[in-house]
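First residue of the sequence shown: 986, per my numbering; consecutive thereafter. The beta-carbon is built from N, C-alpha and C at its ideal position, and this holds for glycine as well. Everything below concerns the one structure shown next.
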Amino acid sequence: MNIGIIGGGMGGLISALLLERQGFSVTLFEKEERLGGRLAYVERDGFKIDQGPTIVLLPHLLEEILTEAGISRNDYQIIQCDPLYSITFSDGTRYTKYPDLTRQLEEIRSTFPGEEKGFQRFLEDGKNRFTLGKKAFLDHAFVPKKTFWTYENMKTLLKLKPYQSVKKLMNSYFQDERLQIAYSLQTLYIGGDPFHAPALYSLVPFSEHEHGVYYLKGGYAGLLSILEQELKNRSISIWKNTRVTRIIREENRVTGLVADGTYISFDGIVYNGDYPLLSNLMDMPEKRAFSPSSSCVLIYFGLNRVYEDADVHQFFISRDFKKHMKAVFEDKTVPEAPSFYTFHPSKIDASLAPPGKGVLYTLIPVPSGQHID
Ligand SMILES: Cc1cc2nc3c(=O)[nH]c(=O)nc-3n(C[C@H](O)[C@H](O)[C@H](O)COP(=O)(O)OP(=O)(O)OC[C@H]3O[C@@H](n4cnc5c(N)ncnc54)[C@H](O)[C@@H]3O)c2cc1C
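Laid out in structure tokens, this is it:
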């Protein structure tokens, strides 16, 4: 059976390896001249900086899927970040998160005395919610749709409080606004507004404490050369610089696609582009409107030293976090005093810069849309 994969991002590359292992003949189409999609890096004068993902969560899931795809565990190194990261507030308070519970409780006691009980309650509730959510949703595929809309799943969903925002849920654990922010800002990882994203996303800050925050040695984009080499080793056909413009469907089956004006027949197709753009390639049974999540401005620095007192991951929260989020998600205007995230992997990885030098990546959440230059 022949399968065509549209899109050579991480999802498409891993799908290609998994399907080839199951005996399918696979052809992958990528419209850009390089593979990787959002998994990318910039390289100049001996400095190499990730342009996309930096934080590895739930590393066992990544390991599991890479192993299933046939990538050896010896080909990549995952390093646990300890501390997980730090958050500096505009009043100068610095709150650090650690993988070790005792150390974390000490940190709360010294930085936000009196909040220890709320934190423990957050962890206990998080554990219950995570166990429920993982069993009901993470461990399943929902094809067809009706397997999702079951009575049991709806009961579980209600327990995960989808009607409440993450920020509101955090207000029930923490008195101090700064701690509420420290446990809500993670919705920004997926471009979500902490003041409106459903409480389900509180599983992310819970998982950071429970399972840790990790770093892929050589940068996340280092995975790309490993995946690309494996595709070559297995003679999987890759067409770069080739945009798929149409998926051909006959009745309820896809039968092929059109790539750069040429029709190619396939028994099945995997689409790995952004879901809302699928309607450009085929008629969709239902027309739905999508609103984009936030965007970001990224700044890449080559540094003339390594900052030993900085953590690998750091957040800097401006004096009015709520106003920044409102500018990004509601008003869609340029934020005046934005909060931002920095990534300084050189602290634990000397392979990214010339000896004694370092790299720094800074991400500022901004609104998406063409209306701002
Ligand atoms: C700045 C930034 C920071 C991030 N940080 C993190 C993080 O810390 N941790 C984390 O886990 N995730 C993070 N992410 C998210 C993560 O990068 C993405 O979820 C992941 O890379 C998406 O992979 P994908 O394969 O699904 O899609 P993509 O990487 O978007 O790949 C899709 C590919 O399909 C191609 N394509 C689309 N349409 C066509 C077509 N018609 N024909 C041919 N090719 C087509 C595109 O060119 C692209 O290469 C971050 C993302 C960004 C942008």
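The Cβ atoms of Asp-1305 and Ile-1211 lie no closer than 7 Å to each other. In the DSSP assignment, Ser-1010 forms a beta bridge with Asn-987. Lys-1225 places its beta carbon 7 Å or farther from that of Glu-1005. Straight through space, the alpha carbons of Leu-1024 and Ser-1264 are spaced by roughly 24 Å. Excluding five sequence positions before and after Asn-1156, the CB atoms of its chain that fall closer than 7 Å to its own CB belong to Gln-1165, given in chain order.
Take Leu-1154, set aside five residues on each side of it, and the residues of its chain with a beta-carbon closer than 6 Å to its own are Ala-1184 and Ser-1187, in chain order. In terms of Cβ geometry, Gly-989 and Leu-1262 do not form a close pair [threshold 7 Å].
For Val-1189, the enclosing alpha helix (DSSP H) begins and ends at 1188-1196.
Cβ neighbours of Gly-1197 within its own chain (closer than 6 Å, five residues either side excluded): Gln-1065 and Pro-1084. Partner residues in the beta bridge of Trp-1224, as assigned by DSSP, are Phe-1014. Ser-1278 sits away from Ser-1303, with the two beta carbons spaced by 7 Å or more.
Annotated as proximal: Asp-1296 and Ser-1071, with beta-carbon spacing under 7 Å. Under the rule that a run must span 4 or more residues, the alpha helix (DSSP H) segments found entirely inside the segment 1096-1181 read 1101-1118, 1136-1144, 1151-1156 and 1162-1167. Restricted to the segment 1272-1313, the beta strand (DSSP E) segments that are unbroken, complete and at least 3 residues in length are 1280-1288 and 1298-1302, listed in chain order.
Taking a C-beta distance under 7 Å as the contact criterion, Asp-1245 and Asn-987 do not qualify as a contact pair. Here the distance from the Cβ of Phe-1251 to the nearest heavy atom of ligand 1 is not below 6 Å. Judged by DSSP in its simplified three-state form, Arg-1023 adopts coil rather than helix or strand.
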